[in-house]
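For the record, the sequence lines run as chains R and Z.
Here my numbering is used: the first residue of the first sequence is 121, the next is one more, and so on.
Here my numbering is used: the first residue of the second sequence is 121, the next is one more, and so on.
Don't be surprised by glycine CBs; every beta carbon is placed ideally from N, CA and C.
Note that this is a predicted model, so its numbers are computed, not measured.
See below for the structure under consideration.
2 protein chains.
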Amino acid sequence: MHFTELIKTIKERREALQVTQDGLAELSGVGLRTLKQFESGKGNPTLLTLRKISDVLGMEICLKIKKM
Amino acid sequence: MHFTELIKTIKERREALQVTQDGLAELSGVGLRTLKQFESGKGNPTLLTLRKISDVLGMEICLKIKKM
DNA sequence: CAACATAGTGCTGTTTATTGCTCTTTTTTT
DNA sequence: AAAAAAAGAGCAATAAACAGCACTATGTTG
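What follows is the structure in structure tokens.
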């Protein structure tokens, strides 16, 4: 999953749940600024930040072996 | 996937490929110190750092909707 | 169009990840 | 058991993420 896909996934999921950036920021405890940067593709979040966001969206981070 | 599982996955994969921390550090371009910290559970790496590591190990980061 | 909500950006201080160096501890090999 | 390899940890400098604030841009609704 490329970085852009990751962002797209998060963004789409957030919108599917009809949560605003503001709302997600509050719910997750991640700063609004950070969230905005992330979604606009200008961030390099830490795992913790990504996890906080994913949690609220009912998602989880995983690692898979790439298929060839 | 919890943080500890993530680490475990990386570590096991590295060992399965018979790569040392040193080797992985060189191959991935991530500092050895960072890698050590991460594997010993004391890090909060950025997505980029995790991606560099995963890449070399033939793995990819993904986001999934949690099953209930 | 006007008003409003939502998203994106510049600036900036604070916090923290990254990194190299060196040393200690643990594990593996001979 | 001794030597060698690999892993973990303290210290410190640098780079970058985090966060708030204020402002702009975009999009939506009346």
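In terms of CA proximity to Thr-154 (chain Z), Z:Ile-173 leads the group Z:Gln-138, Z:Ala-136, Z:Ile-173 and Z:Val-139.
For Glu-180 (chain Z), the C-beta contacts it makes with chain R under 9 Å involve Met-121, His-122, Leu-183, Lys-184, Ile-185 and Lys-186, in order along the chain. Leu-126 (chain R) and Gly-161 (chain Z) have their alpha carbons spaced roughly 24 Å apart. Annotation: Leu-177 (chain Z) is outside any alpha helix (DSSP H) and is labelled neither H nor E by DSSP. Around the beta carbon of Leu-137 (chain R), fewer than 16 other beta carbons lie within 10 angstroms, which makes this residue exposed.
Of all alpha-carbon atoms in R:Glu-180, R:Thr-140 and R:Leu-168, the one lying nearest the alpha-carbon of Asn-164 (chain Z) is that of R:Leu-168. Under the Cβ distance rule, Thr-166 (chain R) counts among the residues neighbouring chain Z, one pair being separated by less than 7 Å. Leaving aside the five residues that flank Gly-151 (chain Z) on each side, the residues in its chain whose CB is nearer than 7 Å to its CB run, in chain order, Ala-145.
The beta-bridge partner set that DSSP reports for Leu-183 (chain R) consists of Z:Ile-181. Annotated as proximal: Lys-186 (chain Z) and Gly-178 (chain R), with beta-carbon spacing under 7 Å. Annotation: Cβ neighbours of Thr-129 (chain Z) in chain R (cutoff 7 Å, chain order): Leu-183.
Going by beta carbons, Lys-131 (chain R) and Gln-141 (chain R) fall outside the 7 Å limit.
Proximity of chain R to Leu-170 (chain Z) at the Cβ level (cut-off 7 Å) is accounted for by Leu-167, in chain order.
For Ser-174 (chain R), the neighbours in chain Z by C-beta distance under 8 Å run, in chain order, Leu-183.
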